[in-house]
Each structure stands twice: as structure tokens, then as C-alpha cells.
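K.L.:
Following this message is one structure expressed as C-alpha cells.
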Amino acid sequence: MSRPRWTGPQVCCPAICPRFCTDLSPAQFSDYWLNHHGPFAVEQIKVVGGYRYVQSRTTDSAQNLILTTVRGSGEPFDGIVEVWFPSEQAMIAALATPAGIQANQLLTEDETNFIDLPRSSFFLTEGHMLLG
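First residue of the sequence shown: 149, per my numbering; consecutive thereafter.
This is the structure:
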């Protein structure tokens, strides 16, 4: 049986796996991320042509300990962020404009309020829809 082929648009997704600043509790991190940074990020992402912004928080579930133990993995990140752009070229072009440079600077400044940047991970991904 062959896998279904992805027929959606080519997308570029910068992904962020944040760790919260150690001077914040998990609840404070989550509240700031969702209620302050989230709406602010949406506005900045629209400026640079992003069309989807997804925040996924790591849950406080005993299953996380089981998953890391069974798989022998490291400590989970505190969440995952996906920002969707039509293409890598579109993202790069938008971020090179004066408005894009300013939006990126504003986002980075706000991220320092709740994300421990050196312990977090930022990278680009491309999606392959295999189910759904």
C-alpha cells in the first residue's frame, strides 16, 4: 500500500521548541505565551505574510514521564510553535523588508520576556501530510 501524496501547497514552517525562563513558573509561562505573546505574535506574523500560527503546550501529564522513560529520550520542551508561510522564499523576502525586520525584532524582544532562548530550539521544517 503506497502512502498518499501531499497535495497541499508547499509550505515553510519555522518551528520553535521553547523552554520557559527559569524565573517563571510553568503557569506564568503559559499565561504570558497564550495571552500576551500569542496575540502580539499573530499581528507580527501577518505583517510578514505568515498565515497560520499554532502554539502547542506540553501538558502536565504523567504520560510524559512514561513516554520519555520508555523511549529513553531527554526532557521535553515546554511546547512547540509552528508558523506557516507559503514558501521559504516568501518568508525570506518578507523578513528582508523594513516591516519584516521590525516585526522580527519586536518578536525577538518579546520572546526574551518568557523564553530561555539559549535552551530553546528554532529551525525550519517542511510538512508532509500522511494522515488527515
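Just so you know, even glycine gets a beta-carbon here, dropped at the ideal spot from N, CA and C.
From the DSSP output, in three-state form, read off P187 for me.
P.N.:
In the sequence shown, the residue the question calls residue 187 occupies position 39. Helix, per DSSP.
K.L.:
Mind the definition here: the region 258 to 267 touches the region 162 to 171 only if three or more C-beta pairs lie below 8 angstroms; say whether that holds.
P.N.:
Output reads yes: the region 162 to 171 touches the region 258 to 267.
K.L.:
Who pairs with Y201 in a beta bridge, going by DSSP?
P.N.:
Taking the sequence shown and counting its residues from 1, the one referred to as residue 201 is at position 53. Paired residues: V231.
K.L.:
Roughly how many whole angstroms lie between the Cα atoms of W232 and A163?
P.N.:
Taking the first residue of the sequence shown as 1, we reach residue 232 at position 84. Taking the first residue of the sequence shown as 1, we reach residue 163 at position 15. Going from the Cα of W232 to the Cα of A163 covers about 9 angstroms.
K.L.:
Going along the chain, which residues of its own chain have a beta-carbon closer than 8 angstroms to the beta-carbon of A238, five neighbours each way excluded?
P.N.:
Within the sequence shown, numbered from 1, the residue matching residue 238 stands at position 90. Taken in chain order, the residues that qualify are C160, G197.
K.L.:
What do you reckon, are the CB atoms on A189 and Y201 nearer than 8 angstroms?
P.N.:
To locate residue 189, count along the sequence shown from 1; it is residue 41. To locate residue 201, count along the sequence shown from 1; it is residue 53. In contact: A189 and Y201 (Cβ atoms closer than 8 angstroms).
K.L.:
What does the Cβ neighbour count give for V333, buried or exposed, with the cut at 16 atoms within 10 Å?
P.N.:
This structure does not reach residue 333, given that the chain is present from 149 up to 280, and the question cannot be answered.
K.L.:
Do you know how far the Cα of F225 is from the Cα of S209?
P.N.:
Sequence index remark: in the sequence shown, residue 209 carries index 61 (1-based). Sequence index remark: in the sequence shown, residue 225 carries index 77 (1-based). Those two C-alpha atoms are separated by around 14 angstroms.
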